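Student:
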Amino acid sequence: MQANSMQFIETRGNDGQRPLCVPFSDAILNPMSSFGGIYVPESLPQLGLPFLEEHLDSDYKTLARAVLDAYEIDIDAEVIDAALSRYDDFDDPANPVPVVKVTDNLYVSELYHGPTRAFKDMALQPFGVLLSSLAQSREEHYLIMAATSGDTGPATLETFKNRANVKVACLYPDGGTSDVQRLQMVTEDADNLKVIGIHGDFDDAQSALKSLLSSETFRAKLKEKQTHLSAANSVNFGRIIFQQIYHIHSYLELVRQGAIELGEKIYLNVPSGNFGNALGGYYAMKMGLPVMKILISSNSNNVLTELINTGKYDLRERSVIATSSPAMDILKSSNVERIFYDLYGAERTKELMLSLDNDKYYELTTEETARLQSIFCADYCNDKEVNRYIKQAFDNGYLMDPHTATCFKSHDSCREKALKSIVYSTAEWTKFSPTIANALTGEVDTHDIDALKSISEVADTPIPALISELFDKPIAQGAVIDKENIESEILSFLE
Ligand SMILES: *Cc1c(COP(=O)(O)O)cnc(C)c1O
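Following numbering that gives the first Met the number 0, the numbering of the sequence shown begins with 0 at its first residue and continues without gaps.
(1) Report the option in T10, L212, I74 and G287 whose CA atom is closest to the CA atom of Y250.
(2) Who are the near neighbours of V165 in its chain, counting only those whose CB is closer than 7 Å to its CB and skipping five residues on each side?
(3) Kindly examine ligand 1 and report whether one of its heavy atoms sits closer than 8 Å to the Cβ of I329.
(4) So for M0, helix, strand or coil by DSSP?
(5) Is the beta carbon of D313 closer than 9 Å to that of I320?
(6) Report the three-state DSSP secondary structure of Y281 (helix, strand or coil).
(7) Under the DSSP definition of a beta bridge, which residues are partnered with H140?
(8) Quick check: the stretch 210-224 against the stretch 89-97, are there 3 or more CB pairs under 8 Å?
(9) Is Y106 buried or exposed, if buried means 16 or more other CB atoms sit within 10 Å of its CB?
(10) Taking the DSSP output, what are the residues bridged to Y70?
(11) What separation, rounded to the nearest whole angstrom, lies between the Cα atoms of Q476 and M291?
(12) Using a threshold of 8 Å, is the CB atom of A326 nearer than that to any non-hydrogen atom of ligand 1?
(13) Can you find a heavy atom of ligand 1 that lies under 8 Å from the Cβ of K430?
(14) Flag this pair as touching only if the stretch 425-436 and the stretch 396-412 have three or more C-beta atom pairs under 8 Å; answer yes or no.
(15) Determine contact between the stretch 220-239 and the stretch 273-288, defined as no fewer than three beta-carbon pairs at a distance below 8 Å.
(16) For R137, tell me which candidate among S24, N104 and Q242 has the shortest Cα-Cα distance.
(17) Say whether chain C places a C-beta atom closer than 9 Å to the C-beta of K220.
(18) Can you give the beta carbon distance from I195 to L170, rounded, assuming they're within the 8 Å contact cut?
(19) Do E427 and H112 have their CB atoms nearer than 9 Å?
(20) Can you tell me where the alpha helix (DSSP H) with Q256 in it begins and where it stops?
(21) Is it buried or exposed, G149, if we count other Cβ atoms within 10 angstroms and call 16 or more buried?
(22) Return the bridge partner residues of N268 from the DSSP annotation.
(23) With a 10 Å radius around its C-beta and 16 neighbouring C-beta atoms as the bar for buried, classify G36 as buried or exposed.
Below, the structure is given as C-alpha cells:
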C-alpha cells in the first residue's frame with residue numbers, strides 16, 4: 000500500500016533538505032514544506048461523469064469513502080471508516096449535509112449540522128480520528144496548539160476530546176469571542192484538553208502562539224516529554240481532503256432533487272477566508288465535477304475580491320477590519336497558494352509568496368489574471384448589505400448567518416448565466432445570533448442568550464439543545480492569564 004500510495008509535493012519547490020515527495024500521513028503530521036510552502040497531491044484522481052453516475056444514489060459516507068479510495072492515501076481502510084463515522088454524530092447521519100432550495104436558482108448546502116454548529120466540523124471531525132490513529136500507530140505523542148477567535152477552537156477541541164496520543168492547547172482572547180463560542184470551549188471537560196484565555200485580543204493570542212511555535216527552548220522542553228508539535232490549521236491537507244466531498248455530494252443532491260440533469264454545469268458560491276472551502280471546490284471541479292465557475296464571496300476584508308478582479312494582492316495599506324462575519328476577517332489567505340501552484344507552477348508560486356512575505360504585495364501578469372478569472376469570480380459584501388440580505392432571505396422563509404449572507408450578493412452580481420447555484424452555508428444562526436437579531440428586529444444585544452431567544456421567537460424555531468445546554472454546563476476551563484505565562488501553563492498541563 001505504502002509503495003503505491005499518492006505522493007505529496009511542495010508548492011514552493013524542494014530545498015534539497017527534505018524528501019522530494021512524502022505520503023499523505025507525513026504531509027498531515029508535518030504540514031510545512033520547503034521555503035515555507037505547503038503540500039499538494041502529485042496528481043488528482045480523475046473521477047468524471049461515470050463516477051458521478053455510479054454515486055447518484057450513494058449516501059454521504061459511501062461517496063466519501065469512494066473519493067478517499069480514489070486518492071489512494073496511505074491510511075488503512077478501518078481508520079478511514081472510523082474517521083467517516085464521525086458524520087454519524089451530525090443531525091441526520093443519513094444526510095449530514097442537507098441541500099435546501101431557497102429560490103429557483105439558489106440552493107444552500109448546509110455545512111453546519113455537526114457538533115459545534117459550524118462548517119469547521121466537516122473536516123476537523125474526521126481529521127481528528129486520522130491524526131490520533133497515526134500518532135498511536137507510530138507510538139508518538141502530539142501537542143496540537145491552536146489560537147482561535149471563534150469557530151476553529153471549539154471544533155478542534157471537540158474532535159480531539161479523549162483521543163489517545165494527542166493533547167490540545169487552545170488559546171483564545173478573553174472577551175474577544177462570542178458567548179456561545181467561549182462556552183463551547185470552556186465547558187469542554189477532558190484530561191487531554193487545555194483551554195487558555197489570554198488578556199488581550201486575537202492578534203495577541205496568535206502572536207503568542209507563533210512565538211511559542213518557533214521557540215527553541217519550548218521545543219526542547221517538549222522533546223524531554225517526548226512530545227511532537229503539530230498543527231490542525233486549514234493548510235493541513237488532512238483537512239482539505241474532506242472538503243472536496245461535500246461539493247460532489249451537493250451537486251448530486253441537485254440531480255436527485257431534479258434541479259439539474261447529470262452533466263449540467265452549475266456555480267459554486269463559497270464564503271471565503273483561508274480559501275480551504277473554495278479550494279475543495281476547485282479540486283472537485285478538476286476531478287470532473289461540472290462547474291461553470293466558483294464564486295468567491297468576502298466581507299469588507301476584500302483581498303480576494305481584489306485579487307480575482309485585478310490580479311493584485313496588496314496588503315501595504317491594509318489592516319484587518321472587524322466585521323459581522325469574523326471567520327472571514329483574514330488578510331493572508333493561505334490556500335490561494337495551492338491554486339497558484341496548480342496554475343502557474345512551483346517556481347512562480349515561490350516568487351509570489353515570498354514577495355507577499357517581504358513586500359506585502361504581488362501582482363499577477365495579465366495572462367495569469369485571465370486564467371484565474373476563467374475559474375473564479377468574486378465580490379464582497381459589507382455589514383450593512385449583510386443585514387439586508389439576512390432580512391430579505393428571512394422574509395422569503397430562510398434563516399441564515401452573516402457568512403452565508405455574503406454569498407447572496409455575489410449570487411446577484413457575479414453570475415454570467417442563469418445556471419443553478421450552490422451557496423455554502425458555513426454556520427448555524429445560533430453562532431452569530433446578535434447580528435442576525437439585529438438584522439431581523441433592529442435590536443442590539445450584547446449577550447448571545449438575548450439574541451438567541453428573540454430569533455427563536457421571531458423565527459418560531461427552537462434553540463438547538465447543543466447550544467441552550469451550554470449556558471447551564473459547569474465551566475471546566477477557567478484559566479485566563481497574561482501572555483507571559485502561557486508557556487509555563489502549557490508545560491504544567493503536559494505533566
Ligand atoms: C472558517 C469559516 C469560513 C471560511 O472558510 P475558509 O475555508 O477559511 O475559506 C467561513 N465561514 C465560517 C463560519 C467559518 O468558520
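Just so it is clear, CB atoms sit at the ideal spot from N, CA and C, and this is done for glycine as well.
Keep in mind that this is a model prediction, so the values were computed, not measured.
Tutor: In short, the structure shows the following:
(1) For the purposes of this step, residue 250 is taken as the residue at position 251 of the sequence shown. Considering only alpha carbons, the answer is G287.
(2) What you label residue 165 is simply residue 166 of the sequence shown in a count that begins at 1. Cβ neighbours of V165 beyond the five flanking positions: L130, S131, A134, Y141, I143, F159 and N191.
(3) Residue numbering aside, residue 329 sits at position 330 when the sequence shown is read from its first letter. Because some heavy atom of ligand 1 lies under 8 Å away, the Cβ of I329 counts as near it: yes.
(4) Position 1 of the sequence shown, counted from the first residue, corresponds to residue 0. Any reading at M0 must be qualified, since the residue scores a pLDDT of 44, below 50, and its modelled position is unreliable; the value itself is stated next. In this structure, M0 counts as coil in the three-state DSSP scheme.
(5) For the purposes of this step, residue 320 is identified with residue 321 of the sequence shown, where counting begins at 1. For the purposes of this step, residue 313 is identified with residue 314 of the sequence shown, where counting begins at 1. Not in contact: I320 and D313 (Cβ atoms no closer than 9 Å).
(6) Counting from one through the sequence shown, the residue named residue 281 turns up at place 282. Correct three-state label for Y281: helix.
(7) For the purposes of this step, residue 140 is identified with residue 141 of the sequence shown, where counting begins at 1. Paired residue(s): T226.
(8) no
(9) As a working note, residue 106 is residue 107 in the sequence shown. Per the 10 Å Cβ criterion, buried.
(10) Taking the sequence shown and counting its residues from 1, one reaches residue 70 at position 71. Paired residue(s): none; Y70 is not in a bridge.
(11) Taking the first residue of the sequence shown as 1, we reach residue 476 at position 477. Taking the first residue of the sequence shown as 1, we reach residue 291 at position 292. Each residue's Cα considered, the two are about 47 Å apart.
(12) Reading the sequence shown from its first residue, position 327 is the one you call residue 326. Checking every heavy atom of ligand 1 against the Cβ of A326, one is found closer than 8 Å.
(13) Working through the sequence shown from its first residue, we reach residue 430 at position 431. Within the cutoff, so yes.
(14) yes
(15) yes
(16) As a first step, residue 137 must be located in the sequence shown, where it is residue number 138. Of S24, N104 and Q242, the residue nearest in Cα terms is S24.
(17) Here there is only one protein chain, and chain C is not present.
(18) To locate residue 195, count along the sequence shown from 1; it is residue 196. To locate residue 170, count along the sequence shown from 1; it is residue 171. With 8 Å as the limit, I195 and L170 qualify as a contact, their Cβ atoms being about 5 Å apart.
(19) Within the sequence shown, the letter at position 428 stands for residue 427. Within the sequence shown, the letter at position 113 stands for residue 112. Between E427 and H112, the gap from beta carbon to beta carbon is short of 9 Å.
(20) For this step, residue 256 is matched to residue 257 along the sequence shown. Careful: Q256 lies outside any alpha helix (DSSP H) and carries neither H nor E.
(21) In the sequence shown, residue 149 corresponds to position 150, counting from 1. The residue in question, G149, is buried, as its Cβ has 16 or more Cβ neighbours within 10 Å.
(22) Taking the sequence shown and counting its residues from 1, the one referred to as residue 268 is at position 269. Paired residue(s): L294 and V422.
(23) Counting from 1 along the sequence shown, the entry for residue 36 is found at position 37. Only buried fits G36, as 16 or more other CB atoms lie within 10 angstroms of its CB.
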